[in-house]
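In the numbering used here, the protein residues as written are -4 to 328. Everything below concerns the one structure shown next.
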């Protein structure tokens, strides 16, 4: 499994962040040169879902803009962090309640006391990778690394006297990919060469016959291979009882979802009792002794069942027979 890093998006209309190199480490360019500062914050520099870098807890980190001035945050902000922890600024976990917090009008990085208070002008709410701690910080203290663009967006060139607008018709994305468990970074990697490990996820829109639906639940299994060559299929609920032999720093925090924490090639270890309910696919089934521990390798991640809410249908030549939606549960068969 590879961990995507910063990425550069280009379209038929020019990218809004020209000249930024995804391969460079965050903070390679001072924030003051990455964005043109505005004293009163009247010029909006950042937008929701922008990928930025900035200084957090003594080091330069990547983060995601979750809220900008004038927006309402519908998510819980109980994990807002002031970047200083308790007392004198040493320690304190991300998301924990910190010491005194500064008002948004200050030039210093700050976090809000209550989630109902709006952001001050010129401030944005950033969620830092990988822990997911939130922080309110001035736009001018951040460097824009990447801005998401989708097809049919209306755009114009940035920092140009040419005000002509265009519509995005195609997107070519190059990624900097860091291999899990190593410091090896591959760049550039075209996003079209990457494959999703999970064929379906919560919230995906799917088409089935002439119907459009949205996935609201799914059942996942992982295919495991034991050291003796035996293969079995295990539910992800049982798989969560196994331990990752090579855990990664991003395997925790709000950017990590345990429901999607498995990937081909992952090495897991756990007691024999976890394998009592698996489906054995091939090879010799081992003796499930209470004192045994098994070391396994994930071969494949499979979605075996989907639960779908059907929304609407398109025209069907089958006539009235197609008025009725498909079953809400779709199995692998």
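Each residue gets a CB set at the ideal place from its N, CA and C atoms; glycine is no exception.
**OP:** Within 10 angstroms of the Cβ of residue 276, are there 16 or more other Cβ atoms? Answer buried if so, exposed if not.
**Re:** exposed
**OP:** Starting from residue 167, trace the beta strand (DSSP E) both ways and give me its first and last residue.
**Re:** Residue 167 -> beta strand (DSSP E) spans 166 to 174.
Original post:
Which residue or residues does DSSP assign as beta-bridge partners of residue 289?
Top reply: Answer by DSSP bridge pairing, in chain order: 265.
**OP:** Classify residue 255 as helix, strand or coil using the three-state DSSP reduction.
**Re:** In the structure shown, residue 255 sits in a helix (DSSP, three-state: H, G or I).
**OP:** Express the C-alpha separation of residue 171 and residue 184 in angstroms, rounding to a whole number.
**Re:** 6 Å
**OP:** Can you say whether residue 190 is buried or exposed, counting buried as having 16 or more other CB atoms within 10 angstroms of its CB?
**Re:** exposed
Original post:
Under the three-state reduction of DSSP, which class applies to residue 270: helix, strand or coil?
Top reply: helix
Original post:
Buried or exposed: where does residue 326 fall if 16 or more other Cβ atoms within 10 Å of its Cβ makes it buried?
Top reply: exposed
**OP:** Let me know the alpha helix (DSSP H) ranges lying completely inside the stretch 122 to 202, each 4 residues or longer, listed in chain order.
**Re:** none
Subject >> Own chain partners of residue 46 with C-beta closer than 7 Å, once the 5 adjacent residues on each side are dropped >> reply: 1, 57, 59, 140 and 141
Original post:
For the putative contact between residue 297 and residue 269, defined by C-beta atoms under 8 Å, what is the C-beta separation to the nearest angstrom?
Top reply: Incorrect: roughly 18 Å between the Cβ atoms, too far for contact.
Original post:
Skipping 5 residues on each side, what residues in its chain have a beta carbon closer than 8 Å to that of residue 62?
Top reply: 43, 68, 114, 119 and 120
**OP:** Check the DSSP bridge columns for residue 239 and list the partner residues they point to.
**Re:** DSSP output for residue 239 lists 263 as bridge partner(s).
Original post:
By Cβ distance, which residues of its chain are closer than 8 Å to residue 199, with the 5 residues on each side in sequence left out?
Top reply: 209 and 210
Original post:
So, helix, strand or coil for residue 32, using DSSP?
Top reply: Model confidence at residue 32 stands at a pLDDT of 46, short of 50, so the residue's coordinates are unreliable; what they give is reported in the following sentence. In this structure, residue 32 counts as coil in the three-state DSSP scheme.
Subject >> In DSSP terms, what residue 215 is bridged to >> reply: 298
Original post:
Among the residues of its own chain, which have a CB less than 6 Å from the CB of residue 224, if the five just before and after it don't count?
Top reply: Beyond the five residues adjoining it in sequence on each side, residue 224 comes within less than 6 Å, by CB distance, of 278 in the same chain, given in chain order.
**OP:** Rounded to whole angstroms, what's the CA-CA distance from residue 293 to residue 135? Just pull it up for me.
**Re:** 44 Å
Original post:
Can you check whether the CB of residue 213 is closer than 8 Å to the CB of residue 229?
Top reply: no
**OP:** Could you name the residues that DSSP lists as bridge partners for residue 42?
**Re:** Paired residue(s): none; residue 42 is not in a bridge.
**OP:** Measure the C-alpha to C-alpha separation of residue 234 and residue 282 and round it to an integer number of angstroms.
**Re:** 19 Å
Original post:
Taking Cβ to Cβ, would you say residue 321 is nearer than 8 Å to residue 203?
Top reply: yes
Subject >> For residue 49, three-class secondary structure by DSSP >> reply: Note: residue 49 maps to strand in three-state DSSP.
**OP:** Could you pull out every residue in the same chain whose Cβ sits closer than 6 Å to the Cβ of residue 143, ignoring the five residues on either side in sequence?
**Re:** 44
Original post:
I think residue 216 touches residue 299, with their Cβ atoms under 8 Å apart; what is that distance to the nearest whole Å?
Top reply: 5 Å
**OP:** Using the Cα positions of residue 39 and residue 148, report the straight-line distance between them to the nearest angstrom.
**Re:** Cα to Cα, the separation comes out at about 18 Å.
Original post:
Is the Cβ-Cβ distance between residue 267 and residue 280 less than 8 Å?
Top reply: In this structure, residue 280 does not lie closer than 8 Å to residue 267 by Cβ.
Original post:
DSSP state of residue 119, grouped into three classes?
Top reply: Strand, per DSSP.
Subject >> Which listed residue (260, 162 and 227) has its alpha carbon closest to that of residue 274 >> reply: 227
Original post:
Do you know how far the Cα of residue 52 is from the Cα of residue 85?
Top reply: Bear in mind that a pLDDT of 36 at residue 85, under 50, signals an unreliable position, so the number given afterwards is only what the model happens to contain. Answer to the nearest angstrom: the Cα atoms are 9 Å apart.
**OP:** Would you mind working out which of 305, 179 and 312 sits nearest residue 201, comparing C-alpha positions?
**Re:** Among 305, 179 and 312, the Cα nearest to that of residue 201 is on 305.
**OP:** Starting from residue 55, follow the beta strand (DSSP E) in both directions and report where the run begins and ends.
**Re:** 54 to 63
Original post:
On the premise that residue 303 lies in contact with residue 323, defined as a C-beta separation below 8 Å, what is that separation, rounded to the nearest angstrom?
Top reply: 6 Å
Subject >> Environment of residue 263 [buried if 16+ CB atoms lie within 10 Å] >> reply: buried
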